[in-house]
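Since the structure comes first, as structure tokens, the remarks are kept for the end.
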Amino acid sequence: MNILEEVKDCRTIGISGHVRPDGDCVGSCMAMYLYLKKAMPDARIDVFLGDFSESLRKNIAGTEYIRKGYETDVEKYDAFICLDCESTRLGDASLMFDKAERRINIDHHVTNPGSGTANYVVPTASSACELVYNVMDPSLIDEPIARNLYIGMVTDTGVFKFSNTSRSTMEIAGRLLEYGFDFPAIVQEVFFEKTYVQQQIMGRALVESVRFMDGRCIYSVLGRQTMELYGAVSSDTDGISSQLVDTEGVVCAIFLYEIQPSSYKVSMRSTGEVDVAKIAAVFGGGGHSRAAGFTISAEYHDIINRISRQISLQWDESEENAKD
Ligand SMILES: [Mn+2]
């Protein structure tokens, strides 16, 4: 896909990504915004995103142009670009996407069937940013665009350590580095640095974690009272499930936090032995085979039991296949 071909002659273009945007989502949206602004100076380009962390706001270029509260006076965009998700996860931007003349979907989530009139969905790609790089003319990329793409790639690859990191991921990252941004400082601030509150709830989640299924799985739950005690918000829980799955012997981690009484956001990580995207899909969620999630109203014991059953089913199935 060449994005300038896809939006050719468009006078109004909207851009958005998933709710609770992460580094890949904000990075891809802002890189696309800055790129189209530069390539199509006469077009009106609007970008819509929900709230995200201060470290992303500080390091990703152009976030001051995000339209507040999803407000716009454009009745119907000539083109709307949905990045890093399928259109059902666009939140308040999903109606704008549905109404747009041309609907462009660029994503790397395996559960995305392609929700646009033009789709560039590659589940094996490391990040939406890697795909956004591919649809750009390299001669129009500049330092802020490169930095935004790099931040997205760093976020979704766990700083190039996850299995989604490929030769092309490294090649693109290498080319982006040549634009000369201060990548060690950016990686530290965006990926490694945590607030004191984040460290505290990480500690609570680790201390209170429980291993099950012979120590091959682990879960931890943070209730609303605990979240309130530390003054933590949902984005403060980022990284907890990844930390849990790093436990020796563990192949699947489940982290739950209560968003409303008896309603949980569930985040799962796997080392590859369990396909957590499949489990998330059973509960109406989505993601990748090694990182996925969903939201559910139930008691947490019940949630863990139901997930355990799905894990057992997968293991039984793979045993059956091994026998064949
Ligand atoms: Mn992503």
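Everything in the sequence shown is counted per the working numbering, starting at 84 for the first residue and increasing by one. For every residue, glycine included, the Cβ atom is placed at its ideal position computed from N, Cα and C.
Handout entry: Other residues of its chain near glycine 174: CB distance less than 7 Å, five sequence neighbours each side excluded
Key = Residues Val102, Gly133 of the same chain have their beta carbon placed closer than 7 Å to that of glycine 174, with the five preceding and five following residues left out of the count.
Handout entry: 7 Å CB neighbourhood of serine 433 in its chain, flanking five on each side removed
Key = Because the chain is modelled from 84 through 407, residue 433 falls outside the range shown and cannot be assessed.
Practice task
Determine the DSSP secondary structure at phenylalanine 135, reduced to helix, strand or coil.
Solution key: In the structure shown, phenylalanine 135 sits in coil (DSSP, three-state: anything other than H, G, I, E or B).
Problem - Residue range of the unbroken alpha helix (DSSP H) whose run includes lysine 182 - result: Start and end: 177–182.
Practice task
For histidine 191, verify whether its CB is less than 7 Å away from any heavy atom of ligand 2.
Solution key: Looking at this structure, you won't find ligand 2 anywhere; what it does contain is ligand 1.
Practice task
Measure the alpha-carbon distance for serine 246 versus threonine 240 and round it to whole angstroms.
Solution key: Serine 246 and threonine 240 have their C-alpha atoms roughly 8 Å apart.
Exercise for the section: State yes or no: is the C-beta of cysteine 300 within less than 8 Å of the C-beta of isoleucine 394? Expected result: Result yes, Cβ atoms of cysteine 300 and isoleucine 394 sit closer than 8 Å.
Practice task
Within its chain, find whatever has a CB closer than 6 Å to the CB of cysteine 108; leave out the 5 residues flanking it on each side and keep chain order.
Solution key: Same-chain partners within the cutoff: Gly100, His101, Asp167.
Exercise for the section: Say yes only if the C-beta of cysteine 112 is nearer than 7 Å to one or more non-hydrogen atoms of ligand 1, and no if none qualify. Expected result: No, the beta carbon of cysteine 112 sits no closer than 7 Å to any heavy atom of ligand 1.
Problem - Beta-carbon spacing of histidine 192, glycine 370 below 8 Å - result: The Cβ atoms of histidine 192 and glycine 370 lie closer than 8 Å to each other.
Handout entry: Of the residues Ser138, Ala183, Asp161, the one placed nearest aspartate 321, counting alpha carbons only
Key = Here the closest residue by C-alpha is Ser138.
Handout entry: Inter-residue spacing [alpha-carbon to alpha-carbon] between serine 136 and methionine 115
Key = Going from the Cα of serine 136 to the Cα of methionine 115 covers about 20 Å.
Handout entry: Which residues DSSP lists as bridging phenylalanine 295, in chain order
Key = Paired residues: Cys300.
Practice task
Given a cut-off of 8 Å, decide if valine 328 and phenylalanine 274 are closer than it, judged by their beta-carbon atoms.
Solution key: Taking 8 Å as the Cβ cut-off, phenylalanine 274 and valine 328 do not qualify as a contacting pair.
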